[in-house]
Amino acid sequence: MVDLTPDTVTDAVLAQMADTPDARLREIMTAAVKHLHAFAREVQLTPQEWLMGIAFLTEVGQTCTPSRQETILLSDTLGLSALVNLMHDSTHAHDATDSSLLGPFYRDSSPKLALGDSISSEPDTMPVVFLGQVRDQDGHGIAHASIEVWQTDAHGSYDMQIHGESRMDHRARFEADASGHFHFRTVRPLAYYIPLDGPVGRMVKAQNRHGCRPAHIHFLITAPGHRELVTALYLGDDSYIDSDVVFGVSEALVITPQPDSTTPFPELPAIRYDFTLAQDAGMAASRVGADPSKLMQTAH
Ligand code: BEZ
Ligand code: FE
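Take the sequence shown: its letters are residues 1 to 300, numbered as in my numbering.
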């Protein structure tokens with residue numbers, strides 16, 4: 001037996017894991033152990049500090065419910081979700097629409113509405129019309145693509161924050177027409193604080209961060225033979241546009257409602273945005289996130 005030292009304990013762990021049969025699991029865990037140990041060495045982590053970290057992670061898990069995903073929030077506020085998305089986007093063969101965060105407020109059973117319907121139960125508060133086309137990488141419309149959309153109400157709250165799981169609002173699923181076009185009515189979303197009443201909120205406040213996301217509309221767009229697109233469009237005049245607490249904004253995803261008398265709702269400001277899906281290269285789902293109620297059932 002050789003006594004372990006701060007410099008040799010990492011290799012001892014790596015040696016024990018070296019026979020992991022799954023090559024990808026071995027690669028991921030080897031890197032995770034190396035970097036975690038390097039982090040502890042760099043900051044000279046004390047037992048008391050690591051116990052605080054363990055208590056924090058425990059509370060993050062305990063804060064999760066079928067309608068709240070604190071672990072995703074942690075990943076988001078640490079920029080890890082954004083990093084994983086950016087790396088995923090860079091595997092596109094050609095330009096496709098940038099992805100953005102799924103966030104903790106996605107639900108996979110939004111009501112299906114007809115083109116032109118409003119997704120809001122308060123359709124007269126700052127109404128806008130959204131018009132778009134779903135295209136392939138050659139610029140051709142994708143017939144009958146599925147478009148899921150969700151956002152805050154005009155006061156900055158998601159339905160789940162007000163009604164829990166009991167009522168859906170400001171979310172819907174649409175089917176594009178035969179040329180890939182779709183349109184719907186909604187209301188201007190508002191910037192909002194991410195949930196700050198849990199352990200992640202305490203972390204964000206301790207770091208002197210404002211904790212806000214700029215106003216945005218989420219989309220999850222799918223069509224057979226294409227990579228699913230999880231993205232969001234951000235209102236350009238929002239004061240948090242350059243300091244999103246979860247790092248989801250990119251220049252190409254910024255929108256501005258404009259007067260437009262050529263739409264089916266000429267009295268409403270219009271947002272026009274066309275989405276390009278990458279070809280399906282056999283990739284698994286491209287989301288960091290899930291409907292929180294489903295994630296609790298599929299943790300292993
Ligand atoms: C959201 O956009 O819904 C969101 C994303 C990440 C963290 C919190 C909220
Ligand atoms: Fe959001």
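No residue lacks a Cβ here, since even glycine has one placed at the ideal position from N, Cα and C. None of the values given here were measured: they were computed from a predicted structure.
Taken from the Cβ of F105, at least one heavy atom of the ligand FE lies inside 7 Å. The beta carbon of L113 lies closer than 8 Å to those of I119, A172, R173, F174 and F184 in the same chain, with the five residues before and after it left out. Between P189 and A215, the gap from beta carbon to beta carbon is short of 8 Å. Remark: the C-beta of V246 is in contact range of the ligand BEZ, defined as less than 7 Å to any heavy atom. Our two residues, R41 and R26, have alpha carbons roughly 22 Å apart in a direct line. In this structure, the beta-carbon distance from L229 to L196 does not fall below 8 Å.
Going by DSSP, P127 is part of the beta strand (DSSP E) stretching over P127 to R135.
Counting along the chain, the unbroken alpha helix (DSSP H) around L86 starts and ends at L80 to D89. Scanning Q62, Q16, F275 and S110 for the CA closest to the CA of L233 turns up F275.
Under DSSP, H181 forms a beta bridge with Q133.
Secondary structure of R41 (DSSP, three-state): helix. One alpha carbon belongs to T30, the other to A12, and they sit about 11 Å apart.
Around T20, the same chain offers R26 as residues with beta carbons nearer than 6 Å, after the five sequence neighbours per side are excluded.
Under the 8 Å Cβ criterion, the segment 234 to 249 counts as touching the segment 74 to 89, having at least three qualifying pairs. Pairing G198 with T46 gives a Cβ-Cβ distance that is not under 8 Å. Excluding residues up to 5 positions away in sequence, V129, L131, H183 and A270 lie with their Cβ nearer than 8 Å to the Cβ of T263 in the same chain. Looking only at L4, S250 and A143, the smallest Cα-Cα distance to T222 is reached by A143. Cβ atoms of A191 and C212 come within 8 Å of each other, at about 5 Å. Just measuring C-alpha positions, the residue of T91, H35 and L57 sitting nearest Q279 is T91.
Of S261, D169 and G164, the smallest CA-CA separation from R68 is found for G164. By the neighbour-count criterion, in which a residue is buried when 16 or more other Cβ atoms sit within 10 angstroms of its Cβ, L253 is buried.
Secondary structure of E267 (DSSP, three-state): coil. For the pair T71 and N85, the Cα-to-Cα distance works out to about 17 Å. Restricting attention to beta strand (DSSP E) runs no shorter than 3 residues, the segment 175 to 254 encloses them at 181 to 187, 216 to 222 and 229 to 235, ordered along the chain.
Beyond the five residues adjoining it in sequence on each side, D153 comes within less than 6 Å, by CB distance, of H170 in the same chain, given in chain order. About 5 Å separates the beta carbons of T231 and S99, which is inside the 8 Å limit, making them a contact pair.
Contact check for H210 against Q151 fails: the beta carbons are separated by 8 Å or more.
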